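Student: In the order they appear, the protein sequences are chains A and B.
Each residue of the first sequence is one higher than the one before, counting from 40 in my numbering.
Each residue of the second sequence is one higher than the one before, counting from 273 in my numbering.
So that we are looking at the same thing, I have put the structure below in structure tokens.
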Amino acid sequence: MVSMVALIAVLVLMGANQRWFARNYVFYSRFSTADGVTTGMRVRLKGFEIGKVVKVKLNSYNRVRVDIAIYEDYYDKIRPDSVVDLATDPLGLGAGSLNLLPGLNQLPPMEEHSFLPSTESNLGKALMAEGVVDKPLANGAIAGIISQIEPLLVEVRGTAAAVTHFLGDINGAVEGRSKNQISALMTTIQATMGTIESVLSSTGANANTLMVSGRDLMKNLNGITGNIDRLSSQLQDPKGLIPKLLDPQGSLKTFLDDKNQLYNQFTQILAQVNDTLGQVKGLAQYLNQSTPMISGLMEDTQTTLKKTSNVMEGLSNNPLLRGGIPAAKPQTSTLQGARDESF
Amino acid sequence: MNTIKAVAVVLLLVGAISCSSAPPAPDGVHDQRDRAADLLKLGQQSFQSVHYQQALTFFLSAAAINTAVDDEEGMAAAWNSAATAQLALGLRGDALKSLKIAEQMAKASQKTPLILQVVINQVQADLDADDPQAAKARLTPLLPFPNTVEGAALWHALATVQKALGEIGPAGISVAKALAFHRSKKQDQDTAADLFLTATLQGHQNKWTQAKTSLLEALALDRKVENTMGLGQDWRALGIVDDHLDDQASARQSFERSQRIFGAAGLKDQQIRSLKLLLQTVTKLGLKDEITRVQNLLDASAAAP
């Protein structure tokens with residue numbers, strides 16, 4: 040009985056958390072393309088999630104109709120002259136969002152199922168131009184900051200492509216034939232290792248070239264990491280980059296008034312970029328420590344084995360299988376000696 | 273929506289069951305040790321394929337990782353393995369240093385199997401240095417050997433030592449113990465090694481027909497486990513036995529196959545040994561064209577870097 044009550048309580052709490060019992064208000068907008076718009080996409084207002092995209096549909100005029108459900112708590116923000124703006128994440132990290140730009144008036148909220156023009160539409164552009172839309176200036180500042188990051192990102196992507204190219208052949212060998220069998224994977228790796236060894240031993244120049252390539256890569260990555268670190272520290276300095284980029288009419292205040300939501304999100308993205316770079320940097324350092332291609336292969340091997348291990352651990356942790364956390368792998372000695380051929 | 277809620281309820285129940293019966297959290301992490309174990313396995317596969325330099329690289333990498341996480345058992349296994357590759361590469365000095373570290377770590381770990389594993393390779397190093405007395409002195413205090421993998425390897429090692437000391441009878445008894453264990457555990461490669469040693473002992477006793485039978489069985493097992501080095505040695509030994517059986521035609525075929533295997537594996541020294549035996553055989557057979565061909569092969573192999 041107690042369990043049943045607890046279960047119901049959990050269900051109610053879960054339902055409340057998931058807004059099963061909440062009232063949503065549906066509006067719709069139109070876009071020229073569905074690129075970047077997906078069902079379930081968040082609708083934000085100054086960083087707060089105020090609703091979600093519930094339907095994306097191509098209408099009879101080949102325009103994309105997007106139905107938006109606004110949470111009850113934020114319904115009063117949907118004032119006349121509000122527009123929606125599709126914000127794709129220029130960093131390419133995570134999904135974008137639809138930003139609601141509310142009308143600058145104190146009129147009652149619009150009726151449910153009303154049309155919300157998008158910023159790309161003529162009506163949306165006109166409303167923006169008339170200045171009747173609350174367009175946060177901070178957004179412009181963020182766009183400015185982001186525009187500074189863009190060149191760095193191009194460099195990051197270029198470097199990532201170089202790393203990918205560098206490891207490409209080995210990746211193919213490792214990933215293409217594993218078929219979830221460690222032994223098959225090992226055989227493949229071994230064959231690849233043999234090839235690499237013969238290449239490296241056949242000419243010292245190759246190895247030297249690879250080493251130089253690895254060092255160049257490291258230098259490049261260090262440069263990028265340094266740039267982003269500097270930018271990040273500038274962002275965190277209230278007397279640094281932000282005041283220069285933000286509007287002097289109090290945009291910084293706007294930026295911070297939302298309990299640092301936008302700012303935190305932004306620095307979080309930067310942290311993610313830094314993390315990614317750290318990983319690439321670590322790989323590059325390892326590449327430099329030994330013969331580069333062999334090191335690359337080792338890293339791939341480790342990743343593939345780790346993935347396999349994780350899958351197996353997940354399976355064994357499944358309560359239906361009643362397994363457990365795997366123990367450390369045994370390390371066994373090699374005991375093969377040469378056979379004595381004397382008769 | 274109702275369906276979604278129903279699914280959510282089911283998921284909730286499954287989640288509740290999972291939480292109540294999930295296994296305990298691990299006592300620690302072993303990512304690095306697992307990685308070292310993977311490297312050891314890669315090294316053993318390289319060793320099996322007679323890529324000794326490559327195997328050594330893997331073993332030394334494993335040793336470095338185990339050292340970094342202060343894993344005594346791992347260090348012992350890695351350094352012990354490194355010693356086998358170093359011995360195969362003729363790096364005796366390095367092998368002795370590796371074995372020294374392996375011995376220290378094995379003793380520190382207080383794991384008997386590990387200590388015995390190191391002894392097995394130390395015996396190999398002694399034999400490599402033509403010092404069977406030292407090897408015997410190392411093995412005798414450990415008698416009787418346990419009925420384990422290490423014990424069987426020790427019986428095999430003792431048989432090799434006894435053979436080197438001319439104690440053919442006792443060697444036969446020792447290798448029979450190793451063979452019985454390896455057969456019972458279906459350890460094909462070790463069984464093949466025991467059969468090979470048995471064949472050489474039978475040769476010492478002029479039991480050439482029995483020796484051939486033993487070698488043919490070893491050959492079948494080495495094929496089964498793709499033991500390149502073993503296959504080359506089996507064929508060469510068969511050639512020697514055929515020669516003693518005065519079957520020069522078979523001996524020629526055996527030496528030919530042996531030199532081909534070693535050539536394909538890039539083991540020039542071994543290939544040259546087989547080619548020299550082949551040259552003797554074709555000379556006995558009076559095959560002029562073959563003599564020229566084999567001599568050319570020998571010259572090419574000797575000239576190769």
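Every residue, glycine too, gets a C-beta built ideally from N, C-alpha and C.
It should be emphasised that the depicted structure is a prediction, and the values quoted were computed from it without experimental measurement.
1. With distances taken between CB atoms, is the gap from Leu386 of chain B to Glu345 of chain B smaller than 8 Å?
2. Could you check which residue in A:Val123, A:Asn101, A:Glu111 has the C-alpha nearest to that of Ser68 of chain A?
3. Closest to Ala576 of chain B by CA distance: which of B:Ser333, B:Ile563, B:Ala308, B:Gln543 is it?
4. For Gly376 of chain A, which of B:Asn352, B:Phe330, B:Gly535 has the nearest alpha-carbon?
5. Taking C-beta to C-beta, are Ile337 of chain B and Gln304 of chain B nearer than 8 Å?
6. Excluding the 5 residues flanking Leu551 of chain B on each side, which residues of the same chain have their C-beta closer than 8 Å to its C-beta?
7. What residues from chain B crowd round Thr371 of chain A, counting only those whose CB sits closer than 7 Å?
8. Given a cut-off of 8 Å on the beta-carbon distance, is the pair Ala424 of chain B and Ala450 of chain B in contact?
9. Give, in chain order, every residue of the region 387-399 of chain B whose Cβ lies closer than 8 Å to some Cβ of chain A.
10. State yes or no: is the beta carbon of Ile512 of chain B nearer than 8 Å to at least one beta carbon in chain A?
11. DSSP three-state call for Lys368 of chain A: helix, strand or coil?
12. Excluding the 5 residues flanking Gln580 of chain B on each side, which residues of the same chain have their C-beta closer than 7 Å to its C-beta?
13. Who are the near neighbours of Val171 of chain A in its chain, counting only those whose CB is closer than 8 Å to its CB and skipping five residues on each side?
14. In the DSSP assignment, what residue or residues form a beta bridge with Arg69 of chain A?
15. Inspect the beta-carbon positions of Val95 of chain A and Ala73 of chain A and report whether they are closer than 8 Å.
16. Kindly say whether Glu150 of chain A, judged by its beta-carbon, lies nearer than 8 Å to any beta-carbon of chain E.
17. Have a look at Leu224 of chain A and Gln316 of chain B and give me their C-alpha separation to the nearest angstrom.
18. Of the residues that make up the region 442-460 of chain B, which ones have a beta carbon closer than 7 Å to any beta carbon in chain A?
19. Shortest alpha-carbon distance to Asn101 of chain A belongs to which of A:His152, A:Pro148, A:Thr77, A:Ser71?
20. What does DSSP give as the partner residues of Phe87 of chain A in its beta bridges?
21. Under 8 Å, Cβ to Cβ, is there at least one residue of chain A near Glu375 of chain B?
22. For Met368 of chain A, decide whether its Cβ has a neighbour in chain B, counting only Cβ atoms nearer than 8 Å.
23. Hey, how far is the Cα of Ala397 of chain B from the Cα of Ala360 of chain B?
24. From which residue to which residue does the beta strand (DSSP E) around Asp173 of chain A run?
25. For a cutoff of 8 Å on Cβ pairs, would you count Ala377 of chain A as touching chain B?
26. Can you check which of these residues, B:Ser321, B:Gln434, B:Leu517, B:Thr432, is closest to Phe534 of chain B by C-alpha distance?
27. Considering Cα atoms alone, identify which of B:Ala354, B:Asp518, B:Thr339 is closest to Ala367 of chain B.
28. Which class does Asn499 of chain B belong to by DSSP, given the choice of helix, strand or coil?
29. For Phe66 of chain A, which residues in chain B fall below 7 Å Cβ to Cβ?
30. For a test of the three-state rule: what should DSSP assign to Phe305 of chain A, helix, strand or coil?
31. Pick from B:Met501, B:Ala572, B:Lys457: whose alpha carbon is nearest that of Ala537 of chain B?
32. Taking the DSSP output, what are the residues bridged to Lys96 of chain A?
33. Are the C-beta atoms of Ala575 of chain B and some chain A residue less than 8 Å apart?
34. Just the C-alpha distance for His516 of chain B and Thr356 of chain B, rounded to the nearest angstrom, thanks.
35. Taking a cut of 7 Å between CB atoms, which residues from the region 98-132 of chain A lie near chain B?
36. Going by other Cβ atoms of all chains shown within 10 Å of its Cβ, with 16 needed for buried, is Val560 of chain B buried or exposed?
Tutor: To lay it out plainly:
1. Start at 1 with the first residue of the second sequence, and residue 386 of chain B comes out as number 114. Start at 1 with the first residue of the second sequence, and residue 345 of chain B comes out as number 73. It is a contact, given that the beta carbons lie within the stated cut-off.
2. Numbered from 1 along the first sequence, position 29 holds the residue referred to as residue 68 of chain A. The residue among A:Val123, A:Asn101, A:Glu111 with its C-alpha nearest the C-alpha of Ser68 of chain A is A:Val123.
3. Here residue 576 of chain B refers to the residue found at position 304 when the second sequence is read from its first residue. When each option's Cα is compared against that of Ala576 of chain B, the closest is B:Gln543.
4. Taking the first residue of the first sequence as position 1, residue 376 of chain A is located at position 337. Gly376 of chain A has its Cα closest to that of B:Asn352, out of B:Asn352, B:Phe330, B:Gly535.
5. Residue numbering aside, residue 337 of chain B sits at position 65 when the second sequence is read from its first letter. Residue numbering aside, residue 304 of chain B sits at position 32 when the second sequence is read from its first letter. Going by C-beta atoms, Ile337 of chain B is nearer than 8 Å to Gln304 of chain B.
6. The residue given as residue 551 of chain B occupies position 279 in the second sequence. Cβ neighbours of Leu551 of chain B beyond the five flanking positions: Ile563, Val566, Gln567, Leu570.
7. Walking along the first sequence from the start, residue 371 of chain A turns up at place 332. In chain order: Leu312, Ala349.
8. As a position in the second sequence, residue 424 of chain B is number 152, starting the count at 1. As a position in the second sequence, residue 450 of chain B is number 178, starting the count at 1. Yes; because the gap between Cβ atoms is below 8 Å, this pair is in contact.
9. Here the close residues are Gln389, Val390, Ile392, Asn393, Gln396, Leu399.
10. Start at 1 with the first residue of the second sequence, and residue 512 of chain B comes out as number 240. Under the Cβ criterion of 8 Å, Ile512 of chain B is counted among the residues facing chain A.
11. For the purposes of this step, residue 368 of chain A is taken as the residue at position 329 of the first sequence. Coil, per DSSP.
12. Chain B is shown only over 273 to 577; residue 580 of chain B falls outside these bounds and no answer can be derived.
13. Along the first sequence, one-based indexing puts residue 171 of chain A at 132. In the same chain as Val171 of chain A, and ignoring 5 residues on each side of it, the C-beta atoms closer than 8 Å to its own belong to Asp120, Gly142, Leu143, Asn144, in chain order.
14. Start at 1 with the first residue of the first sequence, and residue 69 of chain A comes out as number 30. In DSSP, Arg69 of chain A forms a bridge with A:Arg104.
15. On the first sequence, residue 95 of chain A is found 56 positions in, with the first residue counted as 1. On the first sequence, residue 73 of chain A is found 34 positions in, with the first residue counted as 1. Cβ distance < 8 Å, so Val95 of chain A and Ala73 of chain A count as in contact.
16. Included in the structure are the protein chains A and B, with no chain E among them.
17. Along the first sequence, read from residue 1 onward, the residue named residue 224 of chain A stands at position 185. Along the second sequence, read from residue 1 onward, the residue named residue 316 of chain B stands at position 44. Since pLDDT at Leu224 of chain A reaches only 40, below the 50 mark, its modelled position is unreliable, and the value read off the structure follows with that caveat. Spanning the alpha carbons of Leu224 of chain A and Gln316 of chain B requires a straight line of approximately 15 Å.
18. Residues are counted here when their Cβ sits less than 7 Å from a Cβ of chain A; for the region 442-460 of chain B the count is zero.
19. Reading the first sequence from its first residue, position 62 is the one you call residue 101 of chain A. Measuring from the Cα of Asn101 of chain A, the nearest candidate turns out to be A:Ser71.
20. For the purposes of this step, residue 87 of chain A is taken as residue 48 along the first sequence, with counting starting at 1. Beta-bridge partners of Phe87 of chain A (DSSP): A:Leu84.
21. As a first step, residue 375 of chain B must be located in the second sequence, where it is residue number 103. No, because no Cβ of chain A sits closer than 8 Å to the Cβ of Glu375 of chain B.
22. Taking the first sequence and counting its residues from 1, the one referred to as residue 368 of chain A is at position 329. In the sequence as presented, Met is not what sits at residue 368 of chain A; that position holds Lys. Lys368 of chain A counts as touching chain B.
23. Translated into the one-based positions of the second sequence, residue 397 of chain B becomes position 125. Translated into the one-based positions of the second sequence, residue 360 of chain B becomes position 88. Whole-angstrom Cα-Cα distance: 10 Å.
24. Translated into the one-based positions of the first sequence, residue 173 of chain A becomes position 134. In the DSSP assignment, Asp173 of chain A falls outside any beta strand (DSSP E), carrying neither H nor E.
25. As a working note, residue 377 of chain A is residue 338 in the first sequence. Cβ-Cβ to chain B under 8 Å: yes for Ala377 of chain A.
26. Reading the second sequence from its first residue, position 262 is the one you call residue 534 of chain B. Minimum Cα distance to Phe534 of chain B is reached at B:Ser321.
27. Mapped onto the second sequence, residue 367 of chain B falls at position 95. Of the candidates B:Ala354, B:Asp518, B:Thr339, the one whose C-alpha sits nearest the C-alpha of Ala367 of chain B is B:Ala354.
28. For the purposes of this step, residue 499 of chain B is identified with residue 227 of the second sequence, where counting begins at 1. Secondary structure of Asn499 of chain B (DSSP, three-state): coil.
29. On the first sequence, position 27 is the one that residue 66 of chain A refers to. From the beta-carbon of Phe66 of chain A, no residue of chain B is found nearer than 7 Å; the closest lies around 20 Å away.
30. Start at 1 with the first residue of the first sequence, and residue 305 of chain A comes out as number 266. In this prediction, Phe305 of chain A scores a pLDDT of 49, lower than 50, which makes its location untrustworthy; no coordinate-derived value is stated.
31. The residue labelled residue 537 of chain B in the question sits at position 265 within the second sequence. For Ala537 of chain B, the nearest C-alpha among the options comes from B:Met501.
32. Start at 1 with the first residue of the first sequence, and residue 96 of chain A comes out as number 57. DSSP links Lys96 of chain A through a beta bridge to A:Arg104.
33. Here the question's residue 575 of chain B lines up with position 303 in the second sequence. Using beta-carbon distances, Ala575 of chain B does not count as an interface residue toward chain A, since no partner is under 8 Å.
34. As a position in the second sequence, residue 516 of chain B is number 244, starting the count at 1. As a position in the second sequence, residue 356 of chain B is number 84, starting the count at 1. So the two alpha carbons sit approximately 32 Å from each other.
35. Within the region 98-132 of chain A, no residue qualifies.
36. Here residue 560 of chain B corresponds to residue number 288 of the second sequence, with the count starting at 1. Position check: residue 560 of chain B holds Lys in this sequence, whereas Val was assumed. Counting C-beta atoms within 10 angstroms of its own C-beta, Lys560 of chain B has fewer than 16 neighbours from the protein chains shown and is therefore classed as exposed.
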